[in-house]
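Written below as structure tokens is the structure these notes are about.
Okay, structure coming up:
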């Protein structure tokens, strides 16, 4: 029997909160085997699942190796837009995990791909409220990005007869997590969206907070996106989770039905909803934004198929079960 | 006949957009007299009505003198929280208009008064995302404010094992227009609201944009307030227009029924809605955020009783009428 509770018997003892329902099941040494048997690819969120800030969550590396040894495909689907796929691959390597760029689907990449599949003209420019990752992905897709970290130190002076000028050729504003947010960027993005005809307003994601450092949560892209909603009175096109826009690219890459995929994440309103929207099995981990008491909230509408403390439970529970057999 | 159109005859030629309805009436040399006869106090918004940025709108000074000469009370109800009532009085003086502090109802004052009437303990502190005006009004009301302009130059570093600390004794976060908005302030306000039990989230107002300079609009408090909504997933208590919270103080000061008041403003969703919520006559001026084409939008729900180009039309149309008689 494992510390996570649940039974190893023939009945579904793991369905913790709602009797016979097939959701909100605590992952146990019994049902983990069912889960692993039913899935060919695991889609992992990163912040709060693989790492917190720059610190790897305990047991992740061994668990990813274990899943690969079972022949499972691994994919990393992150709403964090501050890095490009290349930068994410480097971050994985620095933490001792080998992940190729092709296995990473970041919302920075999704923003660039959204423009691409919608035939956004390369003659137009893209203003970025967010990190280097978005600018890098835009460049790889053939687009000219403005803003980003470069505008983080710019200031404005509200003086009479001063006119804040913006590029009339900006056809899209991409907003993601931006720790260098300032009034200059807010005015620039607002002017483009309000005054450039047809200018798109694209949000990488709307996560309210995230584990930008290992010890605590910080305002996420949802903060900056909401700020631009507030000033423009417009709603964005969201390309990150829970939007399934990224799933199209993932399906192009891997020839696996979404019903044979499991989305593993720490957020109900992005990760789990994304998995459900796409038709995947879903596994909530409690190592990030969502804590155990959130599961007890009666007003909660989004319910994962399974939940557990952390990713490494997948290996631990499976091996416990094997040892028992 | 005046350049603003409309008729001087006995029929209601000025009802421009909807025939016989009593709203959306273009102010004319005919109906201006009815308006002036029916009103004992004029409530003016400031940005986009009295001035744009630091530049007085043409003819305002003479028109205020004219209204005073008719015995009308004048009150200035502004959502701009960057200044205290004292600072507003000084701004009026610097523009050649004598207005006392008692005639000014700013949302900075409203925020402090909200705490006062709700018996917010003076032992607790208030974190401010916004200008000096809020801190000044809090101090006058006996409260200790933190943040504001002082935190405008603070930066954060998202380093492993660093803990961003906040004062656990903060019992309210007040958010207003903040041209020095940064990630430090966003994290501070977010932590207080999310982690300090019972911490209030107060918005001075939610104006999307405003004439922070005379030549163009800039993101308003609605931008910063939305940012904190985005990170906290909470909705604020709004004390500025269109909330009628400030009206209670105004009624205490002036013994005039709201049906004998006229609210003059440039925003439908704050000024005109405030006037309507309070039972005042409403006059929209097109010298600020709302332009003539916005009046033609069929989805528009908020309709003023009257509209005109600018405040000075009140005097010009009245005198034209008198000259014709």
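Residue numbers (this note's numbering), protein chains in the order written: chain Y, 1 to 325; chain H, 1001 to 1325.
In this text, a Cβ means the ideal position worked out from N, Cα and C, and glycines have one as well.
Predicted, not measured: the structure shown is a model, and the values here were computed from it.
- For the stretch 1232–1249 of chain H, the beta-carbon criterion of a distance under 9 Å to any beta-carbon of chain Y is satisfied by 1232, 1233.
- For residue 254/Y, the closest Cβ of chain H is not nearer than 9 Å.
- In the DSSP annotation of this structure, the continuous segment of the alpha helix (DSSP H) that includes residue 1117/H starts and ends at 1107–1117.
- Short of 7 Å from the beta carbon of residue 1245/H, and not among the five residues preceding or following it, lie these beta carbons of its own chain, in chain order: 1110, 1114, 1239.
- Close to residue 212/Y, with beta-carbon spacing below 7 Å, are these residues of chain H in chain order: 1158.
- Checking the DSSP bridge columns, you'll see residue 1204/H has no partner listed.
- Within the same chain, and ignoring the five residues on either side of residue 1099/H in sequence, the residues whose Cβ sits closer than 7 Å to its Cβ are 1076, 1089, 1092.
- Excluding five sequence positions before and after residue 1258/H, the CB atoms of its chain that fall closer than 6 Å to its own CB belong to 1278, 1279, 1280, given in chain order.
- Annotation: the stretch 1057–1112 of chain H contains the following complete segments of the beta strand (DSSP E) (minimum length 3 residues), in chain order: 1073–1078, 1104–1106.
- The Cβ-Cβ distance between residue 1267/H and residue 1236/H does not fall below 9 Å.
- In this structure, the beta-carbon distance from residue 199/Y to residue 171/Y falls below 9 Å.
- Within the stretch 77–95 of chain Y, no residue places its CB atom closer than 8 Å to a CB of chain H.
- The beta-carbon separation of residue 1179/H and residue 183/Y, rounded to 5 Å, stays under the 8 Å limit for a contact.
- The stretch 1291–1301 of chain H makes no contact with the stretch 1034–1042 of chain H: fewer than 3 CB pairs, one atom from each, lie closer than 8 Å.
- Taking 9 Å as the CB threshold, residue 1258/H stays off the interface with chain Y.
- When rounded, the separation of the alpha-carbon atoms in residue 1053/H and residue 1219/H is 13 Å.
- In the structure shown, the three-state DSSP call for residue 316/Y is helix.
- At a C-beta separation below 8 Å, residue 1202/H has no neighbours in chain Y, since its nearest C-beta there lies roughly 16 Å away.
- C-alpha of residue 1134/H to C-alpha of residue 1122/H: approximately 16 Å in a straight line.
- The closest CA to that of residue 56/Y, considering only 71/Y, 97/Y, 43/Y, 26/Y, is found on 97/Y.
- Selection 130/Y, 112/Y, 155/Y evaluated against residue 141/Y yields 112/Y as nearest (Cα-Cα).
- With at least 16 other beta carbons inside 10 angstroms of its own, residue 82/Y counts as buried.
- Think of a sphere of 7 Å around the beta carbon of residue 1179/H: the chain Y residues whose beta carbon falls inside it are 156, 158, 183, in chain order.
- When beta bridges are read from the DSSP output, residue 1147/H appears opposite 1128/H.
- In this structure, DSSP gives residue 263/Y an extended state, which the three-state scheme calls strand.
- Distances from the CA of residue 1275/H to each of 1209/H, 1026/H, 1044/H, 1028/H were compared; the closest alpha carbon is that of 1044/H.
- Your pair residue 1080/H and residue 160/Y does not check out as a contact, with CB atoms roughly 16 Å apart and the cut at 8 Å.
- Taking the Cα positions, residue 319/Y is about 30 Å away from residue 250/Y.
- Excluding the 5 residues flanking it on each side, residue 1155/H has same chain C-beta neighbours closer than 7 Å at 1184, in chain order.
- Between residue 1225/H and residue 1193/H, the CB-CB gap reaches or exceeds 9 Å.
- Not a single CB atom of chain Y sits nearer than 9 Å to the CB of residue 1308/H.
- Between residue 1063/H and residue 1312/H a beta carbon distance of about 5 Å is seen, short of the 8 Å cut, so the two are scored as contacting.
- Unbroken alpha helix (DSSP H) runs of no fewer than 4 residues, entirely contained in the stretch 22–53 of chain Y, are found at 31–38, following chain order.
- One Cα belongs to residue 1300/H, the other to residue 1026/H, and the distance between them is close to 17 Å.
- Against chain Y, the CB of residue 1190/H has a partner CB under 9 Å away; the residue lies at that interface.
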